[in-house]
Amino acid sequence: MEQKERQSGVWAHPLTLLLLGTLLTSAIVPYLSTKITHNRILQEERIRTARKIFDDSELTEKQLNMIRTKLESFYKDASEEPKRRRAEQEELRKEMNIAYAQFDAHSWYWCSSASFESGYLELDGSRRTKIRELCSSYSKSLKGSISAIDPAWGQFVSGSVGRSEFNSALLTDLHKNLDTLASERAQLVGQLIVLVTSN
898 MEQKERQSGV WAHPLTLLLL GTLLTSAIVP YLSTKITHNR ILQEERIRTA RKIFDDSELT
958 EKQLNMIRTK LESFYKDASE EPKRRRAEQE ELRKEMNIAY AQFDAHSWYW CSSASFESGY
1018 LELDGSRRTK IRELCSSYSK SLKGSISAID PAWGQFVSGS VGRSEFNSAL LTDLHKNLDT
1078 LASERAQLVG QLIVLVTSN
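Spelled out as structure tokens, the structure:
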């Protein structure tokens, strides 16, 4: 009995409690601190990636809108005089090639890069799979936008540009299709951002 009291007295001794507290603190506090820091950095990186997704998608939409605006402006301002109109068409061809090259250099690649980066964000496999699926849908939507632009582009740089029902219908279809596809991409980007930032 006396030995039991002595043993329990050792555990109740302030120096023993201090030593035990120090050991626990030296093991638990660094672990918790590291875990908290890791989670904070990871969340900051996820937010940075989400912001990059938003910025890249916004740039893509601006580039597509610039291409649309070039076609609309050309149609509205095209000269009726054939020689002058031919020079305007050649100028449009150059401007469209530059605008498309800028679009092409950026817009096809950012989503697949975001999909690749999702592996570093410690997202689970199902979220990474969903991100890849969304990026595939985004790419299909971009292809749809280019398909919507092509008829007006081809007509305005090499065909008859005068005011006609045919040319007016080209622009009407262009507006409708691009607006629908832009709305579709906005939803895809919203889903991407949620997948990247949610815990």
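In short: position in the sequence shown from 1, add 897, done, that's our numbering. Glycine included, C-beta positions come from ideal geometry on N, C-alpha and C.
Query raised in the report: Would you report the Cα separation of Lys949 and Ala1011, rounded to the nearest angstrom?
Result: 8 Å
**Report entry** C-beta atoms of Val1054 and Arg982 nearer than 9 Å
**Finding:** no
Requested in this report: Return the Cβ separation of Leu961 and Leu1075 in integer angstroms, given the expectation that the two are a contact with Cβ distance under 8 Å.
Outcome: 7 Å
Query - Alpha-carbon spacing of Thr1037 relative to Phe1000, whole angstroms - result: Looking at the sequence itself, residue 1037 is Lys, so the reference to Thr does not match. If you take the alpha carbons of Lys1037 and Phe1000, they lie about 15 Å apart.
Query - Ala975 in three-state terms, based on DSSP - result: coil
Report task. Alpha carbon to alpha carbon, how far is Val1086 from Glu955? Give it in angstroms, no decimals. Result -> 10 Å
Query raised in the report: When the distance is taken between beta carbons, is Leu1018 closer than 9 Å to Pro1048?
Result: no
Report task. Tell me whether Ser1015 is buried or exposed, calling it buried when 16 or more other Cβ atoms sit within 10 Å of its Cβ. Result -> buried
Query - Assumed close pair Ile944, Thr1094 - CB separation to whole angstroms, cut-off 8 Å - result: 6 Å
Report task. Could you work out which residue in Glu992, Glu942, Glu987 is closest to Thr966 when comparing CA atoms only? Result -> Glu992
**Report entry** Exposure of Ser970, with buried meaning 16 or more beta-carbon neighbours within 10 Å
**Finding:** exposed
Query raised in the report: Straight-line CA distance for Trp1007 to Asn936?
Result: 25 Å
Query raised in the report: Start and end of the alpha helix (DSSP H) containing Arg1029?
Result: 1022-1055
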